[in-house]
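This report concerns only the one structure given below.
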Amino acid sequence: MTTAPSATAPQKRSFTSAASVYVNERTSIAGFVKELGRKAFPDHWSFLLGEVALFSFVVVLISGTFLTFFFQASMVEVHYDGSYVPLKGVEMSVAMASTLDISFDIRGGLFVRQMHHWAALLFVAAIGLHMLRIFFTGAFRKPRELNWVIGFTLFILAMAEGFTGYSLPDDLLSGNGLRIIDGMVKGIPLIGTWTSFLLFGGEFPGTQIVGRLYTLHILLLPALVVALVALHLVFVVVHKHTQYAGPGKSQQNAVGPPILPIYAAKAGGFFFIVFGVLALIASMFTINPIWNYGPYDPSPVSAGTQPDWYIGFADGALRLIPPGWEFVWLDRTWSFNILVPLIVIGIFIVTVLIYPFIEAWVTGDKREHHIADRPRNSPTRTAIGAAGVTFYAGLWAAASSDILATHFSLTMEGVIHALQAVVIIGPFVAYFIAKRVCIALQKKDREIVLHGYESGRIVKLPGGEFIEVHQPLDEYDRWRLVSQESYAPLMIRPNARGKITAGQHVRAALSRWFFEDRIAPVTKGELESGHDTHH
Amino acid sequence: MAQDDHSGAELAAADSSHAAHDIAVSPGTAVIAADSFENPGFPPHRPRVTDQEPKREKRAQRTVYTLFYLSILGSVWAIAAYMLFPIESNDVGAVRLNNMFFGLGATLALLAIGFGVVHWGKAIMADVELVDERHPIGGSPETQAAAVKVFADADRESGFTRRAAIRNSLIGALLVFPLPAIVLFRGFAPQDQMPVELLSHTMWKKGTRLALDPSGVPIKAGDVTIGSAFHVIPEGLQDLEHGKLEEKAKAAVLLMRLEPGELNHAPGRENWAYEGIVAYSKICTHVGCPVALYEQHTHHLLCPCHQSQFDVANACEVIFGPAARPLPQLAIDVDDEGYLIAQHDFTEPVGPSFWERN
Amino acid sequence: MTRQKRRTGRRHPLATVALLALGLVFTGGAYAALSSGTIAQAEVDPSSQQTIEEGKKLFQANCATCHGLSAQGTDEGPSLIGVGAAAVDFQVGTGRMPMQMQGPQAQQKPPQFTDEQVKQLAYYVASLGPGPDIPSDHLVNGGGDAANGAELFRINCAMCHNVAGAGGALTEGKFAPPLTDVSGVHIYEAMVTGPQNMPVFNDLNISPEDKRDVITYLKYVQDNRSPGGIELGSLGPVAEGLFIWIFGLGAIVAITVWITAKSN
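Residue numbers (full-length UniProt numbering), protein chains in the order written: chain A, 1 to 535; chain B, 1 to 358; chain C, 1 to 264.
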């Protein structure tokens, strides 16, 4: 920070203040700085996951802009004459040839290309982890439901960005990926054939698709992502960040270091760290070696043809369908081997999207929530999350069934059958285990509050009895363990007209499911009476 | 560092109950225990080592500026690497060195700034925590009432509710006006083509010779020894001016020779094979990947994308995986010169299923 | 081949005869061309009676249990008459034979015999009936057209062995092995003989020069490390996805913990 006095100013005005006055008198930014500059920003490692996503997106934008100067989204066939010997003279599209030139004939081009792809993988992964944090801590509750919807939409858009980008080089891997998309689209009843025909500008593969995906990839989708990211961040400012329970922290305050300077330093520095980690990975690790795959040709295919990780769950869903799920009915083909995965994934996505509203309806709680839950204190939500994660992970693993088979010396048929079981039974098992673990952890918290920590010190009482001395908690530590809320199952009551509606029944059933085996936090009375009334 | 006074409130114990400002809002089924604990307020501030020991603070300062100098070094290194490791034509080893050394320089430049700034923030900047008060997101009741009034006034002045005919006709117009844009999408594909028509035919016709992919050299029946797998395209495909890949995407065929006794023909196709030589579409009936993994002893064909398996000895029936239909068979024969030829086009559309297929 | 030729054509007896004649001329010609181009590699003389005698002894001691005393085949193993020297050199030279146990696929392991013994076995089996010979040096040491080889590799091989030769899965626990450290001779022999479930790629499908090009490409991949850096097994997006989750995001999460931890 410069504090050198300006040579021209007669008063002892610093350059910084002079500059800020100049800017403010033309932009009225002072109000903004006064409002935001000293906001408290709660500090926790998991609150930085969204920033990882944001920063990798910035890296994607920077590196992607460089790539657009060299990439040519054309499917005109040329004979490659660049530096890579095993492709010399091979017929390929201009898109593929220009991507090879970026890799082999432009200094630093391969570095930027690899950084772009790695950053894209990290972008989607960070969004995923960020969403898991939001879900398991209940940070989607009022007033943040809409921001959850925006964030989840961003996740979908990020996947679309990734897939369109993956397809641009027009290499064998991505071409077969597009072939799969074409096959899936054709399987959609009524509109499928025409949708595919229009998408590819005629028959697959056509000469249009790369150009079209390019427009989506660098224009439409980034514009949507940038707009939604901006909206997402505006909401973070409006809502103020959530915080974990802690002494002094409450629903009415936000506690943490100020945005200026500490938070700005940490976040700004973190941007460079994320950028640096991506640079390190890009300089040391190959990603998407299109020179191995060669140009797209509908006849060859490589073993281990997979999409990038974030599309894996959809590819896995396709792999898990047993043979024969296709019928001709009413003189039309019904491809349930494609429809069932699409519908199941669609239901899954919509459920995740509207989950905040479902939970709000079940609890009936209309208050604002600014304290993030510890996952154990909401056992049913945590268990639902674990079930969802297991379901997703099963589909995801299925996308690598062939690699699982070769690397663990299994049969691919065995892997597929096992994963079919994981996807169908696994969520229930995960639900049960997660719920039991949460409840056990809650009970342990109660124990600790009531009897203190186990100190590990064994004492012999005068009567000859051995006991372990328990260290009582101070009030600050205790507060973290007793401040959570709990919910009782909904009692069915008649409404104003004296009727019990079906909706009430459903809500009561769901509410019972959510809360019937809840563990209430310790109360003052319980601690004073010295015994656990809950058991 | 900017030295302004804290505008945030001083640390103070806050009320733990939810209901301070939104008392009228329903807590739903939340249980609010009468004798729950009270928020003990903020714990006493714990100073950092750098706050207590000037030596440690000095050291932290040194670390930070050293990191920034390192970053400059990294940037210079990257620029030097750009020049010292040029990419030489035809040498991927040079690309590897350029990529690695340029990248490592950039990595150092970025990471050193990052770690330096974060360390500055953590260890040197004043260790303050602020408390912001939260206000209901909906704003004060007065503001809400004012906003409602704005809409009510606007409605009254415009007559949006009152003048139903105007409003409803506007809604109708708004619903219809995007339709021309949808029609425009027809231009995404050639206007004179129909997809179902195109999907139903391939390049194969009576007498088309089977040729090697990619050379286009026609294949004689005697070339195909038992246990062989030939990747086949129709002769003439490579000479097409346009639509080469589109035709190949439908016409690619896999040619295999089994012991004739091992083949079970589908009814009506007894003469579609020649001396144990069979030709099947290579395009998977699931979503269209090339089904090209042929196991010569089990006679299984495997699709590497979704693991559908087809039994060549049994008319390419599906034996595993998500595909539902056998691979379409190309009826083959031999011409006067001994070359393998197609008897006719496929009798069904090849590749993935589509709605109008039956 | 011979068994094949005795069968009558299904459709056009005359055409079949013509075809078979042509086929005979072609295959015979190809074998002749190949054998004439073949030079004995090691000090082992393929035609000497001593080599064949040594090979016979080795065969009867190590292989006859499954393949029969005169290589006529048993329930345990196929007949080796007419498989040629190439098949033996590949199977024994890569350690696949003798098999440790019956299974869906003979596993590669350290070879059980010296090079000389392998050659003796090979020429003994070759003496039982004509078959593909061990290819000559100029076909297996690279030096061909890598671009043509890469294209042929993608069309004929990559679906099982992966575009970078990293290997891949087959049905029921079988797999196509990685080609990252297989010698040119063994690659050539595998193509002409079709070991295990691999299809045969005879010289009319992929000509000897084309085979040399394929080997040239594989040697190029073996000799040149990826310009982008560490290859992660050349397994494609699965390895990349695991890497970014475990190491990329893992490292970054560790850093977030450091950033938000109180100093010291």
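The beta carbon of each residue, even a glycine, is placed where N, CA and C say it ideally should be.
Setting aside the 5 residues that flank it on each side, residue 131 of chain C is surrounded in the same chain by 82, 83, 84, each with a C-beta closer than 6 Å to its C-beta; the list follows chain order. Not flagged as an interface residue toward chain C: residue 142 of chain A, since no C-beta distance is shorter than 8 Å. If you look at residue 271 of chain A, you'll find it in the alpha helix (DSSP H) that goes 264–284. When the five nearest sequence neighbours on each side are left out, the beta carbons in the same chain lying within less than 8 Å of the beta carbon of residue 155 of chain A are those of 124, 127, 128, 131, in order along the chain.
Residue 402 of chain A: member of the alpha helix (DSSP H) spanning 401–407, first to last residue.
Look at the segment 122–152 of chain A: the residues with a C-beta under 7 Å from a C-beta of chain C are 122, 125, 126, 129.
At least 8 Å separates the CB of residue 417 of chain A from every CB of chain C. Taken through DSSP and simplified to helix, strand or coil, residue 87 of chain B comes out as coil.
Taking C-beta atoms as the reference points, residue 40 of chain A and residue 130 of chain B count as a pair closer than 8 Å.
Against chain A, the CB of residue 79 of chain C has no partner CB under 8 Å away; the residue lies outside that interface. Within the model, the alpha-carbon separation for residue 138 of chain A versus residue 511 of chain A is close to 16 Å. Membership of residue 234 of chain A in the alpha helix (DSSP H) is indicated by the continuous run 221–239. Apart from the 5 residues on each side of it in sequence, residue 472 of chain A sits with its Cβ closer than 7 Å to the Cβ of 452 in its chain, given in chain order. Among the residues facing chain C, residue 277 of chain A is included, as its CB has a counterpart in that chain under 8 Å away. Looking at the DSSP output, residue 228 of chain B bridges to C/200.
Of all residues in the segment 249–282 of chain A, the ones placed with a Cβ closer than 7 Å to any Cβ belonging to chain C are 266, 270, 273, 274, 277, 281, in chain order.
Of the candidates B/101, B/250, B/218, B/249, B/218 places its Cα closest to the Cα of residue 236 of chain B. When DSSP reads this structure, residue 220 of chain B sits in a beta bridge with B/339. Ranked by Cα distance from residue 71 of chain B, the options A/87, A/246, A/276, A/496 are led by A/276. Burial check for residue 203 of chain C: the Cβ neighbour count within 10 Å reaches 16 or more, so the residue is buried.
When CB distances to chain C are screened at a threshold of 9 Å, the residues of the segment 222–247 of chain B falling below it are 222, 223, 224, 225, 226, 227, 228, 229, 230, 231, in chain order.
Looking at A/95, A/109, A/522, the one whose alpha-carbon comes closest to that of residue 98 of chain B is A/109. At a cut-off of 8 Å, the C-beta of residue 118 of chain C has no neighbouring C-beta in chain A. For residue 203 of chain A, no alpha helix (DSSP H) segment is defined, and its DSSP state is neither H nor E. For a Cβ distance threshold of 9 Å, residue set 237 of chain C lies close to residue 307 of chain A, ordered along the chain. A contact between stretches requires three or more CB pairs, one per stretch, nearer than 8 Å, and the segment 305–320 of chain A meets this requirement with the segment 240–247 of chain C. Here residue 171 of chain A carries a strand assignment [DSSP, helix/strand/coil].
Taken in chain order, the segment 89–113 of chain B contains no complete beta strand (DSSP E) segment of 3 residues or longer. Contact check for residue 230 of chain C and residue 284 of chain A: beta-carbon distance about 6 Å, within the 8 Å limit, so the pair qualifies. Relative to residue 189 of chain B, the option among A/261, A/207, A/92, A/479 whose CA is nearest is A/207. Boundaries of the beta strand (DSSP E) harbouring residue 335 of chain A: 332–335, taken from the DSSP string. As the crow flies, the alpha-carbon of residue 62 of chain A is around 13 Å from that of residue 114 of chain A. Residue 256 of chain A is bridged by DSSP to B/130. When the alpha-carbon of residue 197 of chain B is set against those of B/106, B/349, B/25, the nearest one is in B/349. Residue contact with chain C for residue 96 of chain B: present (Cβ-Cβ distance below 8 Å to some residue of chain C). Against chain B, a Cβ distance below 9 Å from residue 259 of chain C picks out 118, 121, 122.
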